[in-house]
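Enquirer:
Now the structure itself:
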């Protein structure tokens with residue numbers, strides 16, 4: 004039952020070298036730099052997003068994710084969700100408005116999986132990049148590289164998946180849209196959505212808490228995935244796997260790494276979800292096909308390289 | 004503010020000749036016949052839909068739409084929405100469960116635009132057609148013709164758009180996602196969504212009440228739109244316009260007619276919507292481009308041929 | 004029987020305003036300006052062409068085509084073809100090397116249809132634009148607009164089609180690849196190829212001699228045709244028709260006009276031809292479908308607007 | 004210099020089990036069975052081919068290729084090429100008309116690489132499958148599986164590449180279209196064309212003579228390659244690699260195996276060639292990228308699994 008969480012709003016990612024990271028996210032993925040703050044963080048957005056920013060890069064000694072934030076529909080929902088988080092037993096921290104430029108107050112909490120998430124109700128809306136507010140064209144001219152359309156979702160590796168499921172479904176009101184279950188009924192992968200998308204955030208069982216598997220951006224077409232693959236080669240960017248399709252979500256995809264080793268995905272297509280849909284379920288004996296639909300086997304790198 | 008209306012659930016369309024209609028909707032569009040009832044109605048679904056049916060064909064002397072139904076999340080929401088409709092001043096009729104086979108009780112009402120709509124909370128779920136429930140393949144083999152994925156939306160022509168807007172937004176909890184406004188601020192086109200789609204139902208100002216402009220089905224790709232166009236020619240089906248793109252919604256589209264003269268659309272792509280997005284707005288001086296983005300002018304047929 | 008004519012090499016087109024023409028051909032079509040000469044002509048190429056140039060623009064008071072040139076395999080073939088043209092009764096003119104910068108001597112002649120053509124054996128090869136000579140990437144970065152791949156063919160309107168057919172097949176060694184014939188067996192459209200393409204040059208019966216219908220450039224994909232259509236709208240360029248498919252050649256296409264009124268086409272796909280293939284034949288009762296496969300009817304503009 | 008060899012005409016492939024082979028080539032690749040002969044061979048064609056057949060399957064104890072045949076333009080060319088083969092020192096065998104049903108006399112010879120090839124001038128033309136001879140539609144309805152358009156080329160592994168190059172270019176009149184050269188100038192891959200295609204037959208240096216690497220079929224689009232990949236998974240067909248792109252030829256491709264272990268490719272796009280184009284050249288230090296443009300590294304299987 005939806006409790007007012009609307010969509011992924013932002014993700015803050017640690018990079019080892021800001022200049023190289025911007026070369027990657029701006030020139031290759033085609034995100035747009037929109038702001039910087041005094042702590043040196045750089046704010047980026049993808050062109051179809053109405054909000055001011057969705058990706059925040061922070062230079063640090065170690066790659067990985069600081070936190071991922073979701074936008075909720077209004078202050079009332081934010082208040083209620085805060086109460087519910089506390090009742091669930093989640094330590095909750097309040098981040099004042101403006102700590103991220105253009106973003107209202109944020110409620111930060113840790114999931115049992117070891118990842119930090121945030122909720123917020125307000126963010127400056129700057130509109131779709133490069134399009135007029137009235138009579139907007141089909142797409143903006145001047146986009147670079149892969150022309151990523153939006154920050155779409157992130158996949159986390161961590162443990163305590165059952166408690167994390169309870170948190171995301173019962174407290175935060177997400178649906179379990181897709182899952183992988185083992186013969187004992189244990190869920191080893193759980194994909195959550197707060198809208199029609201096949202996933203807004205996803206978790207895979209992993210002994211170590213709090214790891215980031217990938218940050219994913221949406222493309223419009225399979226031709227766009229090919230173009231992304233070509234650009235990855237032309238720029239000598241480290242590829243993980245693809246172009247291919249997933250069994251889970253059935254999205255068409257390619258994985259690669261940013262210069263700090265954070266895994267990125269760009270993808271298109273995929274299942275749609277409504278709240279009365281039963282979860283799409285894959286079984287562990289078909290795990291290879293669930294992840295890589297064409298190769299039907301996992302590569303070691305996909306399971307072990309995390310940030 | 005969402006009030007529990009989830010998605011377009013079905014549309015009942017009148018056809019002059021059932022055999023010809025089935026040739027069209029099954030062989031050409033690729034819908035699947037799933038049931039018939041004693042009154043002679045034929046029930047169809049598109050492959051990616053989880054529900055038992057979405058299109059109901061009824062043989063009659065005149066083409067057009069009988070009603071369009073929306074699925075709501077549960078009985079509680081259905082009850083509340085019924086109360087709200089009555090409070091709004093809408094005459095409400097209750098249709099018992101089973102009147103449409105596999106569908107629960109329906110609350111029927113008329114919009115100020117002159118169209119009949121329904122709400123229901125229960126419908127038999129038969130799952131995606133042709134796919135296993137566990138470890139589902141990417142798409143089913145054996146689809147015919149255009150391989151339409153889902154009944155997506157319908158566009159109505161009628162009057163009293165301001166009251167219809169109040170009904171759909173204030174009472175039913177839809178968002179106004181896209182619109183065309185004239186220099187006086189009058190809305191001549193209003194597209195409503197109850198999810199992430201650019202439209203679940205839409206209205207265009209027209210002097211006569213209760214007319215159907217088109218019933219629309221979703222395809223996955225622009226290649227699919229081309230394939231649809233080719234099939235329209237190969238089957239000597241009457242084309243309206245396309246392949247082309249809309250300015251409104253930016254969807255990629257083709258229009259054509261069923262043998263009874265009801266207009267169909269198949270389309271792919273298009274804008275996505277969240278409830279905090281301001282409506283996408285086109286102005287009447289750009290109406291041609293708003294409707295047909297490439298030709299940038301309307302054809303007479305699009306404005307006047309209705310059922 | 005092939006006599007050594009290899010491919011369309013260039014076309015010289017008259018434009019009313021060079022600055023506007025360059026805005027069109029460079030910024031919109033994505034051709035690359037490579038040279039200018041003292042007479043003010045501007046030389047352009049498309050990125051995948053190995054030769055220095057393929058489109059020559061000349062500012063003049065009237066739009067249209069000056070001539071179209073074909074590259075032949077070597078000087079021996081050029082000599083033999085010259086002899087054969089003279090024997091056929093074609094007045095032949097010799098243009099010295101360098102009259103077009105980087106191009107060897109050209110043999111110019113007039114077809115019975117009233118169009119001037121040329122043959123040449125030498126042209127400076129500058130290689131594919133933007134790609135390394137060794138280990139070339141899949142495509143060059145930095146292309147503009149539609150990213151046209153090559154000047155592909157041109158379609159002429161004129162009379163004396165039977166004599167023109169004799170010239171192109173018997174003298175120049177082209178194949179008749181596709182045709183439209185009327186009930187009396189008269190050919191009203193004839194498409195000639197000197198390679199595997201469905202047409203390198205084509206003629207449609209028309210009372211007035213020497214008219215240009217369109218200059219055509221090749222794109223790689225149907226997504227590219229959509230992108231072209233979008234750009235045509237974004238730049239307020241005059242559209243003729245499309246995106247659509249042809250019956251003849253089955254190419255996927257869009258037509259539009261340069262600022263001087265010369266019609267352009269960009270297209271992808273289409274039939275392939277070998278010299279033992281019988282001509283693909285359409286009949287005049289299906290002319291609408293032969294030209295516009297989806298609409299199945301001609302628009303007046305396509306038949307009458309010529310330069 | 005073209006000597007009248009027109010295109011790949013057929014390939015005879017050995018399979019271990021005919022029923023399984025037909026399931027693969029007919030149901031999965033979408034080829035059409037057109038005939039059988041008394042020796043049990045089965046004749047297949049792809050829909051866009053004008054000739055009666057292009058793939059001949061022969062049941063045998065060992066997989067691999069029996070021979071590949073090229074169609075030449077006429078009997079005169081066949082006679083001259085026979086003389087030239089003999090003069091080159093190739094043992095030449097004459098196969099009478101009708102030994103392959105519908106095919107005229109064939110001249111068979113062995114290349115220095117250890118592969119058997121044939122030339123022929125006559126084969127029954129049955130026209131494109133499923134299309135009317137007059138006013139042909141864009142594609143035939145009723146195609147199965149991948150809907151392969153044509154037998155396109157084959158890649159051989161063997162030695163004596165320099166002599167094989169001499170044979171194909173000097174004697175048979177093919178062009179060297181693409182190549183891989185090592186730092187000493189040795190060619191380790193050579194792709195030959197007799198038309199505009201990037202390759203009609205290709206050779207890679209390998210110690211053992213006469214091995215088949217793959218038989219390749221043409222698709223129209225990158226969407227078609229995805230569809231092929233999906234079908235490979237749905238039918239539990241053994242995949243080699245893909246969807247991906249080649250550096251050499253820049254084609255978009257996927258590799259998989261027939262039930263006998265013969266490797267197949269389906270692909271789309273790729274470079275075009277004219278006889279004055281210098282060969283596209285890759286260097287061995289970039290061999291991985293030359294073969295698999297996205298992964299930029301070879302897999303062992305691609306180099307060693309041959310039939």
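Chains as they are written, first to last, in my numbering: chain A, 4 to 310; chain B, 4 to 310; chain C, 4 to 310; chain D, 4 to 310. Beta carbons: idealized from backbone N, C-alpha and C, even for Gly.
Name the chain A residues whose beta carbon is nearer than 8 Å to that of residue 152 (chain C)?
Expert: The contacting residues do not exist; residue 152 (chain C) stays about 15 Å from chain A at best.
Enquirer: Looking at the secondary structure, which residues open and close the alpha helix (DSSP H) in which residue 236 (chain D) lies?
Expert: That run of the alpha helix (DSSP H) goes 225-237.
Enquirer: Give the secondary structure of residue 11 (chain A) by DSSP, where H, G and I count as helix, E and B as strand, and everything else as coil.
Expert: Three-state DSSP puts residue 11 (chain A) in a strand.
Enquirer: Could you check if residue 137 (chain C) is buried or exposed, using at least 16 other CB atoms within 10 Å of its CB as the buried criterion?
Expert: Exposed, since its Cβ has fewer than 16 Cβ neighbours within 10 Å.
Enquirer: Rounded to whole angstroms, what's the CA-CA distance from residue 54 (chain C) to residue 12 (chain A)? Just pull it up for me.
Expert: In a straight line, the C-alpha of residue 54 (chain C) is about 50 Å away from that of residue 12 (chain A).
Enquirer: For residue 280 (chain C), go through chain D and note every residue whose CB falls closer than 9 Å to its CB, in chain order.
Expert: Those within 9 Å of residue 280 (chain C) in chain D are 53 and 128.
Enquirer: Going along the chain, which unbroken runs of the beta strand (DSSP E) with 3 or more residues stay wholly within the region 144-183 of chain A?
Expert: 153-161, all fully within the region 144-183 of chain A.
Enquirer: Just verifying my parser: in three-state terms, what is the DSSP assignment at residue 102 (chain A)?
Expert: In the structure shown, residue 102 (chain A) sits in coil (DSSP, three-state: anything other than H, G, I, E or B).
Enquirer: Going by C-alpha distance, which of D:114, D:176, D:4 and D:187 is nearest residue 71 (chain D)?
Expert: Among D:114, D:176, D:4 and D:187, the Cα nearest to that of residue 71 (chain D) is on D:114.
Enquirer: For the candidate residues D:258, D:276 and D:286, whose alpha-carbon lies nearest to that of residue 302 (chain D)?
Expert: The option with the nearest alpha carbon to residue 302 (chain D) is D:258.
Enquirer: I want to verify the contact list: residues of chain A whose CB lies under 8 Å from the CB of residue 142 (chain C), in sequence order.
Expert: By Cβ distance, chain A contributes 233.
Enquirer: Roughly how many whole angstroms lie between the Cα atoms of residue 88 (chain A) and residue 22 (chain A)?
Expert: Between residue 88 (chain A) and residue 22 (chain A), the C-alpha separation is close to 38 Å.
Enquirer: In chain order, what residues of the same chain lie with their CB nearer than 7 Å to the CB of residue 312 (chain A), ignoring the 5 residues before and after it?
Expert: Residue 312 (chain A) lies beyond the residue range present for chain A, which begins at 4 and ends at 310; the question has no answer from this structure.
Enquirer: Counting only beta-carbon atoms, is residue 139 (chain C) nearer than 8 Å to chain D?
Expert: Chain D, which has a Cβ nearer than 8 Å to the Cβ of residue 139 (chain C), makes this yes.
Enquirer: Which residues bound the beta strand (DSSP E) around residue 6 (chain B)?
Expert: Careful: residue 6 (chain B) lies outside any beta strand (DSSP E) and carries neither H nor E.
Enquirer: Please name the residues in the region 245-256 of chain A whose beta-carbon is closer than 7 Å to at least one beta-carbon of chain C, in chain order.
Expert: Result list empty, no residue passes.
Enquirer: Distance, Cα to Cα, residue 24 (chain B) vs residue 308 (chain C)?
Expert: Computed Cα separation, rounded: 40 Å.
Enquirer: Short check: CB of residue 184 (chain C) to CB of residue 195 (chain C), under 8 Å?
Expert: Not a contact, by the Cβ cut-off of 8 Å.
Enquirer: Per the contact definition of three or more C-beta pairs closer than 8 Å, is the region 197-214 of chain D in contact with the region 213-233 of chain A?
Expert: They do not touch, by the three-pair rule.
Enquirer: Would you check if the distance between the CB atom of residue 48 (chain D) and the CB atom of residue 126 (chain D) is smaller than 8 Å?
Expert: For residue 48 (chain D) and residue 126 (chain D), no; Cβs fall outside 8 Å.
Enquirer: Quick check on residue 272 (chain A) - is its C-beta less than 8 Å from some C-beta in chain B?
Expert: Output row for residue 272 (chain A): interface = yes.
Enquirer: If you count every other CB in all the chains shown that lies within 10 Å of the CB of residue 188 (chain C), and 16 or more means buried, which is it?
Expert: With fewer than 16 other Cβ atoms within 10 Å, it is exposed.
Enquirer: Going along the chain, which residues of its own chain have a beta-carbon closer than 6 Å to the beta-carbon of residue 51 (chain A), five neighbours each way excluded?
Expert: Taken in chain order, the residues that qualify are 131, 152 and 153.
Enquirer: Please list, in chain order, the chain C residues whose beta carbon lies closer than 8 Å to that of residue 226 (chain A).
Expert: Ordered by position in chain C, the residues that pass the 8 Å Cβ test against residue 226 (chain A) are 224 and 226.
Enquirer: Can you tell which of B:118, B:145 and B:150 has its C-alpha closest to the C-alpha of residue 148 (chain D)?
Expert: Nearest C-alpha to residue 148 (chain D): B:145.
Enquirer: Would residue 4 (chain C) pass as a contact of residue 76 (chain C) if the rule is Cβ separation under 8 Å?
Expert: Contact flag unset, no.
Enquirer: So, for residue 78 (chain C): in the same chain, excluding its five sequence neighbours on each side, which residues have a beta-carbon less than 6 Å away from its beta-carbon?
Expert: Closer than 6 Å at Cβ, skipping near neighbours: 124.
Enquirer: Return the residue from the list D:266, D:112 and D:244 that minimises the CA-CA distance to residue 219 (chain D).
Expert: The shortest C-alpha separation from residue 219 (chain D) is found at D:266.
Enquirer: Determine the closest residue to residue 310 (chain C) out of C:284, C:277 and C:260, with distance taken between C-alpha atoms.
Expert: That would be C:260, whose Cα lies nearest to the Cα of residue 310 (chain C).
Enquirer: How would you label residue 304 (chain B), buried or exposed, when you count the other beta carbons within 10 angstroms and need 16 or more for buried?
Expert: By the neighbour-count rule (16 or more Cβ atoms within 10 Å), residue 304 (chain B) is not buried but exposed.
Enquirer: Just the chain D side, please: which residues come within less than 8 Å of residue 343 (chain B) by C-beta, in chain order?
Expert: For residue 343 (chain B) there is no data in the structure shown, the boundaries of chain B being 4 and 310.
Enquirer: Thinking just about the alpha-carbon of each residue, which of A:279, A:112 and A:206 is nearest to the one in residue 174 (chain A)?
Expert: When only C-alpha atoms are compared, the closest one is A:112.
Enquirer: Are the CB atoms of residue 178 (chain A) and residue 263 (chain A) within a distance shorter than 8 Å?
Expert: Result no, Cβ atoms of residue 263 (chain A) and residue 178 (chain A) do not sit closer than 8 Å.
Enquirer: Can you name, in chain order, every residue of its own chain whose Cβ lies under 7 Å from the Cβ of residue 97 (chain C), other than the five neighbours on each side?
Expert: For residue 97 (chain C), where only same-chain residues beyond five positions count, the Cβ hits under 7 Å are 108 and 110.
Enquirer: Which class does residue 193 (chain A) belong to by DSSP, given the choice of helix, strand or coil?
Expert: Three-state result, residue 193 (chain A): strand.
Enquirer: For residue 44 (chain C), I'd like the list of residues in its chain whose CB is within less than 7 Å of its CB, leaving aside the five on either flank, ordered along the chain.
Expert: Answer for residue 44 (chain C): 59, 60 and 61, listed in chain order.
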